[in-house]
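Visitor: If you're matching positions, the sequence shown starts at 1 in the UniProt record's numbering and goes up one per residue. Beta carbons are placed, not taken as given, at the ideal position from N, Cα and C, and that holds for glycine.
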Amino acid sequence: MSFQPSFAGPQPDSRIDRTTFIRRAYLHLAVAIVGFIVLSAAWSFIGVGEYALDVLLAGGRYSWLVVLGAFMLVGMLATRLADNAGTNQTQLIGLGIYVLAESLIFAPLLTVAAYINPSSIGAALHLFASIATMFWYILRIFMSRN
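1. Check R145 in the structure and name its three-state DSSP category.
2. When we look at the beta-carbon of T111 and count the other beta-carbons within 10 Å, is it buried (16 or more) or exposed?
3. Decide if the region 64-79 is in contact with the region 121-130; the criterion is three or more beta carbon pairs, one per stretch, under 8 Å apart.
4. What are the uninterrupted segments assigned as alpha helix (DSSP H) that are 4 or more residues long and contained completely in the region 43-67, given in chain order?
5. For N84, which three-state DSSP category applies?
6. Does the region 90-104 touch the region 57-67, meaning 3 or more C-beta pairs lie closer than 8 Å?
7. What separation, rounded to the nearest whole angstrom, lies between the Cα atoms of W64 and A52?
8. Who are the near neighbours of A107 in its chain, counting only those whose CB is closer than 6 Å to its CB and skipping five residues on each side?
As C-alpha cells, this is what we get:
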C-alpha cells in the first residue's frame, strides 16, 4: 500500500519553467477578465440583463436559487474540463465556457446594480422614513414600561 498522494501536480524543473508558468497563468487570467468585461458590456447593450431579470422576477421565490445552482454547475464543469484535460485547447474551451456562462449569470445582477435612482432626495426620504419608524418603535417600547 502506497501512502503517496495520487496527484503530485506539475513540477517545474527550473526557475525559468516556473516563471513561464506564472506568466502564462496570469495572461490567461487577464484575457478571461477582459473577455468577461466585453461580454458583460455586450449583454448590457443588447438587453439580455433586463430580459433575464424579468424572467427571474417572474419565476417565483426559487429563481435566485437556480442562479446559485447555475454558478455551482458551471464552476464544476469548467473545473473538470480544465483539470482533466489532456490538451491546452480543452482547457481553453473550459475557460471560455466558464467566462461565457458567468457573464450570462451576472447579467441580471449587473442590471440590478446599474438600476440606481439618480435622485438622492428619494433615497434620503426612504432612509428618514425608516429611521423615524425605528424611533417610533423605541418610543413605544419605553412608553409601555410605565
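Guide: This is what the structure gives:
1. coil
2. Looking at its Cβ environment, which holds 16 or more other Cβ atoms inside 10 Å, T111 is buried.
3. The way I'd put it, the region 64-79 doesn't touch the region 121-130; fewer than three beta-carbon pairs between them come closer than 8 Å.
4. 48-58
5. coil
6. no
7. 11 Å
8. W43, V48, G49, A52
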